[in-house]
Amino acid sequence: MAGILTVYYSRKGENYFGGSIRSIKKGNTERVAEYIRNAIGGDLFELETVREYSENYKTCTEEAAAEKKTNARPALKKLPESIDNYDVIFLGYPNWWGTAPMAVFTFLDSFDFSGKIIVPFCTNEGSGMGTSERDIQRECPSAEVRSGLTVRGSDAEASEAKTAAWAKQNLK
């Protein structure tokens, strides 16, 4: 098997945690992505939008809803130069309005995933994967999209063992 790439979009700052808003210095999805890389190696790449979302959590959710409604593809600050040397791409994101943030679809639209394995993982506070696995498969019909891992954002910091075991299982 050739290389492994873990790509993720994550939100720092105000986040929803089981009924309340709290500010975090490291995004939940970023933390899970780091656990994956620590467990199985490979490269790590963070997706960042050119236009930053509001620091206010509620306003950010409204911005995300508007992007989903228009099927937007927000510009990214950078992309990997290529994904040619990767067979397996772990793809992480928070669940925004039942699927991945539109920035993740910008990434997916930027490359040919033919013959690649995409392994999604998602942080959320109870909404699970939503339709994101189907949505990713629709965007990348020539890729194998595996069943994803869902991690409660409020449990992300304590999810290292669970995440590592899942990541290793997806390399078999």
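Here the sequence shown stands for residues 3 to 174, where the numbers follow this note's numbering.
Every residue gets a Cβ at the ideal spot worked out from N, C-alpha and C, and that includes glycine.
(request) Check Val-106 in the structure and name its three-state DSSP category. (result) For the purposes of this step, residue 106 is taken as residue 104 along the sequence shown, with counting starting at 1. In this structure, Val-106 counts as helix in the three-state DSSP scheme.
(message) So, under 8 Å CB-CB, Phe-123 and Gly-94 are touching, yes? Tell me the CB distance rounded to an integer number of Å.
(response) As a working note, residue 123 is residue 121 in the sequence shown. As a working note, residue 94 is residue 92 in the sequence shown. Contact flag correct, Cβ pair sits at about 5 Å.
(request) Over the uninterrupted alpha helix (DSSP H) stretch that includes Ile-215, give me the two end residues. (result) Missing from the structure shown is residue 215; the chain here goes from 3 to 174 and no further.
(request) Identify whether Val-52 lies in helix, strand or coil by the three-state DSSP scheme. (result) As a first step, residue 52 must be located in the sequence shown, where it is residue number 50. Reduced to three states, the DSSP call for Val-52 is coil.
(message) Going by C-alpha to C-alpha distance, which of Lys-14, Ile-26 and Thr-8 sits closest to Asp-2?
(response) Residue 2 lies beyond the range of the chain shown here (3 to 174); nothing can be said about it.
(request) With distances taken Cα to Cα, identify the nearest neighbour of Leu-81 among Met-131, Tyr-59, Thr-51 and Cys-142. (result) Taking the sequence shown and counting its residues from 1, one reaches residue 81 at position 79. If we check each option's Cα against that of Leu-81, Thr-51 comes out closest.
(request) Could you tell me the distance, in whole angstroms, from the CA atom of Glu-162 to the CA atom of Ser-144? (result) As a working mapping, residue 162 is identified with position 160 in the sequence shown. As a working mapping, residue 144 is identified with position 142 in the sequence shown. Taking the straight line joining both Cα atoms gives about 31 Å.
(request) Specify whether the segment 109-122 and the segment 77-91 touch according to this definition: at least 3 beta carbon pairs, one from each stretch, less than 8 Å apart. (result) yes
(message) Within 8 Å, do at least three Cβ pairs link the segment 12-23 to the segment 149-156?
(response) yes
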